[in-house]
Amino acid sequence: MDDKKKRQKMFISVLPGEQVEVVIAEEGKVNEYYVEMMHQAKTRGNIYKGYIHNIDNGLQAAFINYGAERNGFLQIDEVHPEYYLDDKPMKKGARYPLMQKVLKSGQEVLVQVVKEPTGKKGAFLTSYLSLPGRSFVYTVGRGQMGVSRKIENEKERVRLKKVLESFETTAGVGLIARTAAVGQSKAALERDYKYLNRLWTDIRSNAMKEKAPAIVYTELGLAARAVRDYLTSDISEIWVDDKATFEQIRRFVKLAFPRKNNLVKLHEDTDLSLLERFNVIRQVEEIYSREASMPSGGRLVFDATEALTAVDINSGKIGGERNFQKMALKTNVEAAREIARQLRLRDIGGQVVIDFIEMKNPKDCREVEKVMRGELKSDRARTDVSRISPFGLMELVRQRLGSSAIAISTESCPCCKGTGIRRNMEWQALQTLKDIHREVRKPGTETVEHNCEEELAIYLLNNKRGILADLEKRYGKTINIDIEFEYDD
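This is the structure:
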């Protein structure tokens, strides 16, 4: 098992001042991919001093002006009681007071971005702040001490809990041990805690000086964040193709892993890019495709809608009725593994509905569910998986970690306006003939000029020439079909 883990590699490709890409691969297979464009820098994790613009009584939420283009969204359950203006009695059975009774417009609040703005929706905010470090997540407003559920070794969990109990924390401050804390000495853990404590002191000091709206803490860039959050003992090599980033990461790794002197390596080949050199470029490009292939020859098809993402499984060839159920189980198990991987790669968040190949045996359904849950254990995002319904559908909900690579690098097609379909040539030709018919009936013109795209113009002249000639004869006018050319500035 350890030998397999040692084959994991991290690749950090940098276009200075413009873009950072991070790839984590195991035995040449890409398991995680992250990209950040500087002109679309992520705000998730940033802390702002904002003020309440207005309160929606029906939603029990406040819209916060924190300096962004659109106001952020702060629900009552994300408001720390320290911001309540009065201690209002709550209705029987209510968990929270009415927002309009305890907050007011213009009131200043310190908020953190939990979810990036998407589409026309503003960012989702919280006043329960958290600061991620190498070994701990430092929480403000929630004073509990805990250990990440992903640390499964009971002996290590007990040790980390004892270390946490030995720290002298201030009231309202909590610590959660991350997976990177495993095996770290008490002295190293204490250094990380003290660093986070100083950082929070500085943030609080800055917040007192600034006038709302203002940013008071900016989360690390992707390259540094990747090393902080994703570097574990499983990573045997880190390759970087930018000298300045290489030096920055090498200094960080020296503190985290003082015995691993050769962990960070610089890619200097000018003939091949970093991702080409390690043969992962094709896998990264596939992330942007609607389809993903499976080893058996089957395909997964991903269709994103406003409300959810639908995943369809095309099995390829399954021969014979006698083998159908056996092959359906095999294909569905394979699909479950690949879907879990694709959810990570594409960072698909929200509701996901998967249409598995029909399985009549309930035992087979339970097997596929077990595989899916097992594969999602390694996902950094929180997930919740349902059982397969009688219709062969599985529903799952996945935490949205940020703006996915697809979201930040694509836009709606100008031809189909994002629908994925367009009007066919026959329909377009008929609409054009309507326009021409209207123009030739106008008095005072001897020639009708009609501009259209090349494909449509060729279709008209090849398939509707008789109708055009008939219109010319009937109205005694000349019809010219001109091709529109687009010129670059």
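The sequence shown lines up with residues -15 to 473 when you count with this note's numbering. Note that CB positions come from ideal geometry on N, CA and C, so glycine has one too.
With distances taken between CB atoms, is the gap from residue i to residue j smaller than 7 Å?
i     : j    : result
D225  : H251 : yes
N316  : F286 : no
S111  : V63  : yes
M158  : G117 : Strictly speaking, residue 158 in this sequence is Gly, with Met absent from that position. No. Outside cutoff.
S89   : I160 : no
Q96   : L113 : yes
N298  : G281 : no
A507  : G34  : Because residue 507 is not part of the residues shown, which for the chain are -15 to 473, the question remains open.
L377  : V337 : yes
Y50   : Y32  : yes
I(-4) : A207 : yes
Q412  : L440 : yes
Alpha carbon to alpha carbon, how far is residue i from residue j?
i      : j    : result
G304   : F375 : Its pLDDT being 48, under 50, G304 is placed unreliably by the model, and the measurement read from it follows with that caveat. Straight-line Cα distance between these residues: approximately 22 Å.
L82    : V98  : 23 Å
Y177   : R143 : 16 Å
M(-15) : T216 : Model confidence at M(-15) stands at a pLDDT of 39, short of 50, so the residue's coordinates are unreliable; what they give is reported in the following sentence. Those two C-alpha atoms are separated by around 15 Å.
T394   : N464 : 38 Å
M129   : T153 : 10 Å
V121   : A164 : 11 Å
K461   : P398 : 34 Å
E200   : R175 : Reading off the sequence, residue 200 comes out as Val, not Glu. Each residue's Cα considered, the two are about 23 Å apart.
T123   : L115 : 6 Å
K344   : K310 : 11 Å
V237   : F230 : 10 Å
R235   : D61  : 40 Å
E318   : V295 : 14 Å
E53    : N307 : 57 Å
R212   : I233 : 9 Å
E456   : G404 : 37 Å
Please determine, among the options, the residue with the shortest C-alpha to C-alpha distance to residue i.
i    : options                   : result
E11  : R384, T394 and M(-6)      : M(-6)
A320 : K344, F308 and D348       : D348
M278 : L259, L313, I323 and S257 : I323
L173 : S189, K145, I187 and K195 : K145
S273 : A391, P346 and L148       : A391
V166 : R133, I187 and A78        : R133
I48  : K105, Q3 and Q335         : K105
R364 : M22, I332, E379 and Q(-8) : I332
M22  : I271, L327 and G1         : G1
For residue i, count the other beta carbons within 10 Å of its own beta carbon; 16 or more makes it buried, fewer makes it exposed. Which is it?
i    : result
R330 : buried
E100 : buried
Q168 : buried
M356 : buried
I467 : exposed
M192 : exposed
I420 : buried
Cβ-heavy atom distance between residue i and the ligand SAM below 6 Å?
i    : result
E221 : As for the ligand SAM, it is missing from this structure, which has no ligand bound.
For the segment 235 to 255 against the segment 20 to 40, are there 3 or more C-beta pairs whose distance is under 8 Å?
No: fewer than three Cβ pairs fall under 8 Å.
Is it a yes or a no for the segment 5 to 12 touching the segment 261 to 271, going by three-plus beta-carbon pairs under 8 Å?
Yes: the two stretches touch, three or more of their Cβ pairs being nearer than 8 Å.
For the segment 246 to 260 and the segment 281 to 297, state whether three or more C-beta atom pairs, one from each stretch, are separated by less than 8 Å.
Too few Cβ pairs lie closer than 8 Å, so no.
Can you find at least 3 beta carbon pairs, one from the segment 444 to 451 and one from the segment 409 to 427, that sit closer than 8 Å?
The segment 444 to 451 vs the segment 409 to 427: in contact.
With three or more beta-carbon pairs closer than 8 Å as the criterion, would you say the segment 22 to 36 touches the segment 201 to 216?
By the Cβ rule, the segment 22 to 36 counts as touching the segment 201 to 216, because three or more pairs are nearer than 8 Å.
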